[in-house]
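Quick notes on the structure that follows.
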Amino acid sequence: MMKKYFVLAFALLALAACKEKEPCHPEWTYNSVVYEVNIRQFSPEGTFKGVEAQLPRLKDLGVDILWLMPMYEIGVVERKGSLGSYYAISDYTKVNPEFGTMEDFEQLLSAAHAMGFKVILDWVANQTAPDHVWMSEKPADFYERDAEGNAIWEYDWTDTRSLNYENREVWQAQDQAMRFWLEKGVDGFRCDAAGEVPADFWYGILPKLNEDYPDIYLLAEAERDNLADPQVTFDANYAWELHHLLNAISQGNKSVRDLKEYVARDAERFPREAFRLSFTSNHDENSWNGTEFERAGIYANACAVLCFTLPGTQPLIYTGQEIGLDRRLAFFEKDPIVDWRANEYTAFWKSLVDLKHRNPALAAGERGGELSWWEVPVPETVVAFSRETRDNQVIVIANFGKENYSPVFNLPGKSFTNHFTGEAIESPCELSLDPGDYIVITR
């Protein structure tokens with residue numbers, strides 16, 4: 006119990022220091038957009054060089070942070086499928102030869118940095134492959150074991166074995182392995198299943214990592230308020246609840262009232278400084294639950310607009326979304342995207358990234374503008390709000406209903422612009438939004 010009190014007190018003190026000393030996060034993160042790179046499926050070659058060749062396309066898209074899915078050597082024992090899972094790692098300090106050599110990775114990192122990207126790696130701390138080097142190099146209590154002494158796994162992750170975080174040597178080994186990549190110049194980590202790992206571990210290693218590498222970005226695949234202090238643990242947590250809620254609203258199972266309640270509840274639960282990674286797809290959702298079009302139908306783009314504009318959000322684009330990829334990518338096999346030609350989806354996502362970059366009101370964390378819901382009568386199926394800072398206002402209207410919505414836009418002021426068309430909007434005027442339509446108005 007004393008340990009828990011110590012951790013809480015440490016977090017509160019650090020948060021107070023964050024409020025006194027700006028910024029709470031690396032300066033480059035506040036208006037940034039994350040792009041998740043599925044290396045295996047990113048090109049017919051499925052290699053680091055295949056990713057490097059597409060850096061100019063990603064630069065044109067406008068994204069800022071490239072999150073590389075795990076690119077470490079993976080296990081062979083009990084491998085799933087013919088190629089195995091990226092998340093069953095056999096050595097944290099070697100690259101997967103499927104993707105190329107260490108020199109190839111270093112060249113990709115250098116080329117990305119030269120083009121202005123930040124690069125974060127997918128860190129898998131919860132478990133390793135059964136044939137990880139630690140299984141033979143480390144003592145038996147490095148892993149969780151059953152009564153018979155067999156290393157165990159969680160869920161259906163039969164190609165992994167769970168690390169034992171009661172052993173502080175595991176902490177040290179993880180810390181050293183993360184530093185190995187930070188010394189190579191990576192800009193941070195997306196930490197897989199961060200909520201499955203004891204919070205004490207993150208509190209034990211991340212403050213010193215943040216001190217030694219003050220410009221890194223740390224993203225938790227978790228939705229835990231005790232992992233949301235950027236000065237102690239993570240810059241961002243996943244907004245899983247928002248993701249599932251947007252799917253449910255699109256399917257008619259939840260309402261905009263539920264969204265309003267979520268926004269209020271999330272603001273109470275998480276500190277204002279905390280970033281919330283928002284998304285309509287990622288590798289898990291795409292492969293196991295379907296594309297955004299399967300889950301949200303005609304409302305998929307409206308959901309994406311909300312992921313870029315709701316308070317605290319730091320948006321994510323997953324491999325293929327920028328071309329409207331409408332199929333599930335295989336997880337344990339080669340299943341590459343071969344046609345990356347730009348289309349209307351490319352223009353849509355590019356415009357969303359531009360929206361995030363141009364409007365300070367949409368900054369993540371403590372810098373973003375306050376949200377105000379429209380007070381005029383709005384149907385339960387329509388999302389309508391504004392975000393505003395001193396010199397910037399963003400108004401968002403999205404129709405999740407089954408009928409046309411035609412509100413009268415009547416706000417004082419001049420120089421309103423329809424962000425997606427670039428056209429000036431005169432006030433007052435009548436707008437028209439069909440089911441699935443959205444409009445973002447800026448000033």
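First residue of the sequence shown? That's 6 in this note's numbering, and the numbers climb one at a time after it.
The beta carbon of each residue, even a glycine, is placed where N, CA and C say it ideally should be.
Among the options, whose alpha-carbon lies nearest the alpha-carbon of residue i?
i, options, result
"Pro28", "Ile402, Ala369, Gly427, Asn404", "Ala369"
"Met74", "Cys196, Lys189, Ser391, Thr386", "Cys196"
"Leu214", "Phe185, Gly200, Ala199, Arg229", "Phe185"
"Lys99", "Met183, Phe147, Ala117, Glu50", "Met183"
"Ser95", "Leu224, Gln326, Leu168", "Leu168"
"Pro102", "Ala119, Phe53, Val129", "Phe53"
"Phe280", "Leu224, Glu273, Leu264, Asp109", "Leu224"
"Glu174", "Leu250, Lys143, Leu436", "Lys143"
"Glu349", "Lys265, Gly325, Leu367", "Gly325"
"His30", "Asn415, Val268, Thr238, Val401", "Thr238"
"Ala119", "Met107, Tyr304, Asp69", "Asp69"
"Leu416", "Thr422, Pro433, Asn423", "Pro433"
"Ala117", "Leu88, Asp151, Gly86, Leu63", "Leu63"
"Pro49", "Thr394, Trp345, Glu431", "Trp345"
"Tyr97", "Met76, Lys265, Gly418", "Met76"
"Gln236", "Pro212, Leu250, Gln256", "Pro212"
"Ser90", "Leu315, Phe353, Asp161", "Asp161"
"Leu34", "His362, Phe421, Thr422", "The question names Leu, but residue 34 in the sequence shown is Thr. With distances taken between Cα atoms, Thr34 lies closest to His362."
"Arg392", "Val383, Trp354, Pro316, Ala347", "Pro316"
"Gly302", "Ala272, Ile328, Ser255", "Ser255"
Taking 8 Å as the cut-off, decide whether the C-beta atoms of residue i and residue j are in contact.
i, j, result
"Tyr443", "Val310", "yes"
"Gly105", "Ala93", "no"
"Gly427", "Asn404", "no"
"Asn397", "Gly374", "yes"
"Leu71", "Val138", "no"
"Val399", "Thr447", "yes"
"Trp207", "Ala199", "yes"
"Ala130", "Val202", "yes"
"Leu126", "Phe194", "yes"
"Ala233", "Tyr243", "no"
"Arg45", "Lys339", "yes"
"Val413", "Glu435", "yes"
"Gly67", "Val381", "no"
"Ser356", "His424", "yes"
"Ala241", "Gln319", "yes"
"Ser286", "Tyr323", "yes"
"Arg262", "Glu385", "yes"
"Leu367", "Leu360", "yes"
"Arg166", "Trp176", "no"
Quick one: Cα of residue i to Cα of residue j, how far?
i, j, result
"Glu153", "Glu78", "29 Å"
"Glu371", "Lys189", "31 Å"
"Lys407", "Asp439", "8 Å"
"Asp164", "Ser260", "40 Å"
"His248", "Trp378", "20 Å"
"Phe337", "Glu41", "17 Å"
"Glu32", "Tyr218", "14 Å"
"Ala253", "Glu111", "42 Å"
"Pro365", "Asp65", "21 Å"
"Leu13", "Asp230", "Low local confidence applies: a pLDDT of 44 at Leu13 is under 50, so the model's placement there is unreliable, with the coordinate-based value given in what follows. Leu13 and Asp230: Cα-Cα distance of roughly 11 Å."
"Lys9", "Leu187", "Only weak support is given to the placement of Lys9: the predicted model assigns it a pLDDT of 38, under 50, and the question is left unresolved by the model."
"Cys308", "Pro61", "27 Å"
"Ala134", "Ala429", "56 Å"
"Glu278", "Gly121", "25 Å"
"Ala389", "Arg300", "22 Å"
"Ser437", "Tyr304", "16 Å"
"Met140", "Asp205", "23 Å"
"Val343", "Thr394", "42 Å"
"Ala269", "Asn36", "22 Å"
"Lys419", "Glu431", "8 Å"
"Ala450", "Gly51", "The chain is shown only over 6 to 448; residue 450 falls outside these bounds and no answer can be derived."
"Leu250", "Gln132", "29 Å"
"Thr314", "Gln181", "37 Å"
"Leu88", "Val82", "12 Å"
"Asp109", "Glu273", "45 Å"
Thinking residue i and residue j are a contact (beta carbons under 8 Å), I'd like their distance in whole angstroms, please.
i, j, result
"Asp192", "Ile221", "6 Å"
"Phe284", "Cys312", "6 Å"
"Val38", "Phe47", "Contact doesn't hold; Cβ gap of about 18 Å is too wide."
"Gln172", "Asp136", "The residue asked about is misnamed: residue 172 is Asn in this sequence, not Gln. Asn172 to Asp136, Cβ: 20 Å. No contact."
"Tyr267", "Glu246", "6 Å"
"Leu321", "Leu282", "6 Å"
Answer yes or no: does any C-beta atom of chain C fall closer than 8 Å to that of residue i?
i, result
"Asn409", "You won't find chain C in this structure, because it holds only one protein chain."
| query | Just checking, does the region 325-333 make contact with the region 293-300 on the three C-beta pairs under 8 Å criterion? | reply | They touch, by the three-pair rule.
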